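Quick notes on the structure that follows.
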Amino acid sequence: DAGVTQSPTHLIKTRGQQVTLRCSPKSGHDTVSWYQQALGQGPQFIFQYYEEEERQRGNFPDRFSGHQFPNYSSELNVNALLLGDSALYLCASSLGSQETQYFGPGTRLLVL
Amino acid sequence: AQSVTQPDIHITVSEGASLELRCNYSYGATPYLFWYVQSPGQGLQLLLKYFSGDTLVQGIKGFEAEFKRSQSSFNLRKPSVHWSDAAEYFCAVENSGYSTLTFGKGTMLLVSP
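Put into structure tokens, the structure is as follows:
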């Protein structure tokens, strides 16, 4: 049973560029959430997707957007990258809104 | 708004000694509480969770946690620490209704020989 997978594992971008991160949920899961973990901090919730719609959003600017596909996989897009966007981006999946979240290994983004 | 406080940034424990990591939460209703562990460069692994019922919950790798409503705490314990337990530990509370999580800042556990 495959767990949550994310790609790429590492990414280097420059300020002002755009980036897309990808996530495949655990088999059988239909809900995907994205978190940003800055160095030395706990993860912070960005947004959650269910049935291809953004269901909930944390305190992140509109530069952060996402998408969920019919197979439940998801993308996180960040436009106009800032140095402060450098972080580990974690994807988590769950079955519906009342179940435990399982996390992927993350994508480490470095913005220069 | 809900919040989680982990008062200890770093803790060093001798191998074989007992461990307690502290977690305090702020939440209006009955919380759903979690402990996750993160090894260097890795994602988060669920250790245990509390939804309701018995306030002492057992998790993987010999960990347990006790929910104390009167103290708004959910401390993580292990009777005998192994060197492989060295990692960062995060306490989290579920945000009402949608299974998203609010995390504490984490406690880094160092295990000395």
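Keeping their order, the protein sequence lines are chains A and B. First residue of the first sequence? That's 1 in the working numbering, and the numbers climb one at a time after it. First residue of the second sequence? That's 1001 in the working numbering, and the numbers climb one at a time after it. Virtual Cβ for every residue (Gly too), placed ideally from N, Cα, C. Quick caveat, the model's predicted, so the values are computed rather than measured.
*Helix, strand or coil for A:Arg55, going by three-state DSSP, please let me know.*
strand
_Cβ closer than 7 Å: which chain A residues qualify as neighbours of B:Phe1067?_
Per Cβ cutoff of 7 Å: no residues; B:Phe1067 is ~16 Å from chain A at best.
*Could you please tell me which residues of the segment 1034–1060 of chain B, in chain order, have their CB closer than 7 Å to any CB of chain A?*
Gln1042, Gly1043, Leu1044, Leu1046, Lys1049
*Run of the beta strand (DSSP E) containing B:Glu1064, from where it starts to where it stops*: 1064–1068
*Does any heavy atom of the ligand GDP sit closer than 8 Å to the C-beta of B:Val1004?*
In the structure shown, the ligand GDP is absent, as is every other ligand, since no ligand is present at all.
_9 Å is my cut-off, CB to CB: does A:Pro61 come that close to chain B?_
no
*How would you write the range of the beta strand (DSSP E) that A:Arg108 sits in, first residue to last?*
107–111
_chain B contact for A:Gln56 (CB, 9 Å cutoff)_ = yes
*asked:* At the 9 Å Cβ level, is B:Leu1101 part of the contact set with chain A, yes or no?
replied: yes
*Between which two residues does the beta strand (DSSP E) harbouring A:Tyr35 extend?*
31–37
*Can you list, in chain order, the residues of its chain whose CB lies under 8 Å from that of A:Lys13, leaving out five sequence neighbours each side?*
Val19, Leu81, Leu109, Leu110, Val111, Leu112
*Taking only beta-carbon atoms, is A:Arg22 less than 9 Å away from chain B?*
no
*What residues of chain A sit near B:Phe1090, judged by a beta carbon separation below 8 Å?*
Gly42, Pro43
*On the DSSP bridge assignment, give the partners of A:Asn77 in chain order.*
A:Thr20, A:Ser65
*Using a Cβ-Cβ cut-off of 9 Å, state whether B:Lys1105 counts as contacting chain A.*
yes
*Only counting runs of 3 or more residues, tell me where the beta strand (DSSP E) segments fall wholly within the segment 1018–1057 of chain B, in order along the chain.*
1019–1021, 1024–1026, 1033–1038, 1045–1050
_Buried/exposed call for B:Thr1107, threshold 16 Cβ in 10 Å_ = buried
_So, with DSSP's three-state summary, where would you put A:Ile46?_
strand
*Return helix, strand or coil for B:Ile1011, following the three-state DSSP convention.*
strand
*asked:* Taking 9 Å as the threshold (beta carbon to beta carbon), is B:Asn1095 in contact with chain A?
replied: yes
*Proximity to B:Tyr1089 [Cα-Cα], best of B:Gly1053, B:Leu1019, B:Ser1070*: B:Leu1019
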